[in-house]
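Some notes on the structure that comes next.
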Amino acid sequence: MSKSIFIKSIKLFLIITIICGIIYPLIITGISQVFFKDKANGSIVEVKGVKYGSELLGQQYTGNEYMWGRIMNISTSTFSDKEGNPVMYASPSNKTPASKEYKELIANRVKKINETNPSAKEDKIPVDLVTCSGSGLDPHISVAAADYQVERIATSRNMKTDDVQKIIDKYTSSRLFGVFGEKVVNVLEVNLALDGILK
Amino acid sequence: MLNTIIQYTLYLVILILLAIPLGIYIGKVMDGEKVLLTKLVAPFEKLIYRILHIDREDDMSWKRYAACILWISGVSFVVLFIMLMLQGFLPLNPAKVKGMSWHLAFNTAISFITNTNWQAYSGETGASYFTQMIGLTVQNFVSAAVGIAVLFAVIRGFIRTKKDKIGNFFVDFTRIILYILIPMSVIVSIFIVSQGVVQNFHTYETVKLVEPITLEDGTVVTEEMVPMGPAASQIAIKQLGTNGGGFFGTNSAFPLENPTALSNLIEMLSILLIPAALCFTFGRNVKDAKQGRAIFAAMFTVLVIALISVAVSEQFGTKQLENGGSVNLSAVSQAGGNMEGKEARFGMASSNTWSVFTTAASNGSVNAMLDSYTPLGGMVLMLLMQLGEVIFGGVGCGLYGMLGFAILTVFIAGLMVGRTPEYLGKKIEPFEMKMGVLACLATPVAILIGSGIAAAIPSIVDSLNNTGAHGFSELLYTYSSAGGNNGSAFAGFAADKLFINVSLGLCMLFARFAPMLAMLAAAGSLAKKKKVAATSGTLSTSNFMFVGLLIFVILLIGALSFFPALALGPIAEHLKMIG
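Going down the list, the sequences are from chains A and B.
Just so we're aligned, residue 3 is where the first sequence starts under this note's numbering, counting upward by one.
Just so we're aligned, residue 2 is where the second sequence starts under this note's numbering, counting upward by one.
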């Protein structure tokens with residue numbers, strides 16, 4: 003009796019493995035590759051054959067002429083390319099926001115931002131610019147965090163603030179149905195547009 | 002701010018609106034009635050029964066039902082354990098991921114067969130496509146279906162009179178997968194791929210950095226890694242089946258796992274959809290909808306209280322973050338609040354709702370890093386797991402766990418008014434009571450013994466990412482997650498160590514199977530009893546007072562078990578923070 007349920011369990015396990023582990027993912031892959039090819043392959047921004055990042059993965063920007071994103075916890079030891087060179091990846095901080103150590107961390111970030119954004123010094127710094135994200139690779143910042151940087155970017159590029167603002171507006175996505183999620187700016191797209199790569 | 006409140010409210014409203022019809026659908030499926038998908042699915046279902054030589058009417062005793070579960074879980078464990086260690090030699094491994102150590106494989110295999118999905122590895126570097134698809138995705142289905150099947154066996158214990166059989170496990174299991182889990186997973190997968198979740202078998206892609214990074218030793222890094230894989234198909238079921246194990250290391254915070262507000266809405270609702278629907282199914286199948294609504298009301302009340310607590314605590318943020326007023330935490334043109342560990346596109350409402358849903362249900366997927374929550378916000382999330390994962394809880398197991406608490410409650414109430422306790426027309430006698438207590442206490446026991454032993458081991462300090470009280474919170478959270486079969490983490494905790502892997506594995510096993518076997522045994526005993534007619538003296542189990550009592554019993558057991566531990570962790574941290 004118990005031998006029969008043992009054999010049935012093994013058979014059922016194999017059948018479910020074939021259905022859920024092979025057929026189901028393959029069907030979804032097929033549908034995805036036919037209908038949502040770019041999306042299913044990492045939303046890579048490709049211009050004239052060069053892959054300029056994924057629009058869904060953040061990068062680190064430190065130059066005054068670029069829009070900055072969330073604070074990044076860069077790792078160059080996680081991955082390497084075919085030649086063995088280090089490749090950038092990032093992880094969240096997992097720091098408690100209630101510790102003394104964290105207080106000092108924030109104070110340093112505030113100081114650095116104040117030094118490079120003298121025109122915005124009297125404004126409070128939007129929280130996105132001093133915090134690490136959940137994925138470590140957040141591609142977005144809030145509208146407040148983008149607005150805060152307009153003047154710095156315009157000055158260091160000799161552009162009109164209106165032109166910088168226009169680019170930012172173009173790569174700002176609003177809430178779903180005007181309600182869900184947050185209105186955010188895609189930092190990579192803004193920077194590629196500033197560099198004239200995205201038009 | 003107004004928008005944030007509207008978002009919180011709508012998330013809850015949509016959940017209820019979807020859960021009610023789904024509950025009816027699941028009820029029909031499990032009663033063997035005709036549903037929309039019958040024509041399409043029935044031929045496959047019949048084929049499976051023919052291969053297995055199963056007669057649909059051939060019911061099982063509770064012991065036989067339990068034996069089937071232990072066999073299929075055992076086979077799953079052995080196959081997965083071997084697969085994880087050998088993945089380096091198996092196909093579909095473009096990232097050249099190596100095999101896991103025996104203890105990491107032990108931990109991971111138990112984690113996935115117990116519906117916990119605790120992950121001491123990171124998906125993009127620790128699991129091959131073969132493992133993710135043929136190993137882990139399959140267990141996401143199997144462990145979820147086992148949980149739901151047991152629930153229906155327990156429900157039959159209440160419905161049936163003078164019988165000693167509680168259903169056929171193979172039939173229940175097959176129908177749950179074919180009629181419920183696969184169709185829902187297909188819909189969710191396609192939706193989230195359309196938003197940008199990856200689904201392919203390509204090699205990881207390298208892309209050019211806009212601004213190259215110069216390392217301290219002078220090396221210039223010019224590329225970024227974009228990981229790939231058959232992610233969407235696994236993410237759909239890990240959300241729906243309260244599994245929670247991410248395809249990628251940072252789970253649904255990772256943009257390629259959860260790219261937009263729409264993908265977030267769908268993934269987030271999927272966490273609680275089946276657990277909430279099952280409350281209504283329960284009411285329908287015991288032929289007293291009020292009973293289902295009462296259980297739902299109790300769960301929902303605690304959920305809302307938890308959500309409000311977390312939302313307020315996170316929106317306020319901390320003074321360490323505010324930095325004397327130089328950082329803007331207001332909700333104007335930004336989400337504001339404690340954004341450490343949260344994604345900009347999700348902000349406050351979508352992150353906090355997710356975190357509460359995922360710890361209430363024993364899902365454990367995250368879209369924000371819980372380690373970086375404020376002390377009190379993090380404490381509420383921890384407490385939701387410590388309550389025994391019955392605030393909706395895991396698919397099936399949350400509700401049968403709750404029925405354990407309901408048995409406890411009628412017993413306590415019965416003592417107070419001096420009557421023999423009854424639930425759903427069945428007399429609750431010492432045997433059911435013992436099983437109920439076992440089901441309710443398995444989680445606290447697993448958590449407290451596990452974290453107690455771990456805290457006494459000096460080398461555990463090396464695993465902590467934060468110091469002081471928060472370091473202790475990381476440890477307590479880890480064992481709460483295993484003991485609640487949840488799987489989420491204060492992820493700074495470095496968990497891939499021999500002692501931690503093995504001890505968490507044992508916690509997960511105990512917390513999964515002790516309540517399951519206890520409730521099956523109770524169901525076997527209940528099915529044999531006759532129904533007692535309700536009289537004017539019968540304690541109603543569907544009114545406001547019972548809901549209140551039930552919540553009281555749950556909170557009482559949780560508070561008594563965990564207050565000392567919480568005082569050393571999050572409460573101490575909070576007091577230090579404001580001091």
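Built from N, CA and C at the ideal position, the CB exists for glycine as well.
The structure displayed is predicted, hence computed values, not measured ones.
Beta bridge counterpart(s) of B/Gln582 as assigned by DSSP: Examination of residue 582 of chain B is not possible in this model, given that chain B is present from 2 through 580 alone.
Own chain residues within Cβ distance below 7 Å of B/Pro184, not counting five before or after: Leu38
Out of B/Leu11, B/Ala145, B/Ala470 and B/Ile579, which has the shortest C-alpha to C-alpha gap to A/Phe179? B/Leu11
Just verifying my parser: in three-state terms, what is the DSSP assignment at A/Gly55? strand
Per DSSP, B/Thr369 forms a beta bridge with which residues? The sequence as given places Ala at residue 369 of chain B; Thr does not occur at that position. Beta-bridge pairing links B/Ala369 to B/Lys343.
Closest to A/Glu103 by CA distance: which of B/Ala496, B/Tyr480, B/Asn467 and B/Ser452 is it? B/Asn467
What are the boundary residues of the beta strand (DSSP E) that A/Asn188 is part of? Val186 to Asn188
Here's a check: name, in chain order, each residue in its chain whose Cβ is nearer than 7 Å to the Cβ of B/Ile177, leaving out the five neighbours to either side. Ala146, Ile149 and Ala150
Residue range of the unbroken alpha helix (DSSP H) whose run includes A/Val155: In the sequence under discussion, the amino acid at residue 155 of chain A is Ile, which differs from the Val named in the question. It spans Val145 to Arg159 - the alpha helix (DSSP H) in which A/Ile155 sits, taken as one unbroken run.
Would A/Val189 and A/Met90 qualify as a contact pair, given that the criterion is a beta-carbon distance under 8 Å? no
Mind pulling the chain A residues with CB within less than 8 Å of B/Trp355? Those do not exist, as B/Trp355 stays about 10 Å from chain A at its closest Cβ, beyond 8 Å.
If the cut is a Cβ gap below 7 Å, which residues of chain A does B/Cys398 touch? None at all; the shortest Cβ gap to chain A is about 19 Å.
Flag this pair as yes or no: are the beta carbons of B/Met520 and B/Leu404 separated by less than 8 Å? yes
Is the beta carbon of A/Ile143 sitting closer than 8 Å to the one on A/Ile127? no
Cβ-based neighbour list, B/Phe249, same chain, cut-off 6 Å, excluding 5 preceding and 5 following: Gly124, Glu125, Phe255 and Glu258
Leaving out the 5 sequence neighbours to the left and right, which residues in its chain are closer than 7 Å to B/Phe131 when beta-carbon positions are compared? Gln88, Leu91, Pro92, Leu93 and Asn94
Who are B/Asn265's beta bridge partners in DSSP? Note: B/Asn265 sits in no beta bridge, so no partner.
Amino acids of chain A, ordered along the chain, whose beta-carbon sits closer than 9 Å to that of B/Glu574: Thr98, Ala100 and Ser101
Which one of B/Met370, B/Lys166, B/Ile135 and B/Val333 has the shortest CA to CA distance from A/Gly138? B/Met370
Minimum length 4: unbroken alpha helix (DSSP H) runs contained in the segment 526-554 of chain B: none
Excluding the five sequence neighbours on either side, which residues of its own chain have a C-beta within less than 6 Å of the C-beta of B/Ala512, listed in chain order? Ala443, Thr444, Ala447, Gly484 and Asn486
Quick check on the DSSP output: what are the complete beta strand (DSSP E) runs of length 3 or more inside the segment 299-336 of chain B, in order along the chain? none
Taking the alpha-carbon positions, what's the B/Val98 to B/Ser234 distance? 20 Å
Quick one: is B/Thr319 buried, meaning 16 or more other Cβ sit within 10 Å of its Cβ, or exposed? buried
State yes or no: is the beta carbon of A/Thr80 nearer than 8 Å to at least one beta carbon in chain B? yes
Check the Cβ-Cβ distances between B/Gly582 and every residue of chain A, and say whether any is below 8 Å. Outside the shown range of chain B, which is 2 to 580, sits residue 582 of chain B, and nothing can be said about it.
Just checking my contact of B/Ser195 with A/Lys41 at CB under 8 Å: how many whole Å lie between their CB atoms? 6 Å
Just the Cα atoms here: how many angstroms apart are B/Val172 and B/Leu270? 28 Å
Please state whether DSSP places B/His54 in a helix, a strand or coil. coil
What is the rounded straight-line gap between the Cα of A/Glu191 and the Cα of B/Phe82? 43 Å
Could you tell me how far apart the beta carbons of B/Asn324 and A/Val112 are, in whole angstroms, since I believe they sit closer than 8 Å? 5 Å
Below 7 Å CB to CB, which residues in the same chain sit around B/Phe153 once its five sequence neighbours on both sides are set aside? Met31, Gly168 and Asp173
Using a Cβ-Cβ cut-off of less than 8 Å, list which residues of the segment 192-212 of chain B approach chain A; keep chain order. Val194, Ser195, Gln196, Gly197, Val198, Val199, Gln200, Asn201, Phe202, His203, Tyr205, Glu206, Thr207, Val208, Lys209, Leu210, Val211 and Glu212
Can you tell me whether DSSP reads B/Thr444 as helix, strand or coil? helix
Tell me where the alpha helix (DSSP H) around B/Ile572 begins and ends. That residue, B/Ile572, is in no alpha helix (DSSP H); it is neither H nor E in DSSP.
Quick test of the definition: if touching needs 3 or more C-beta pairs under 8 Å, does the segment 275-291 of chain B touch the segment 12-26 of chain B? yes
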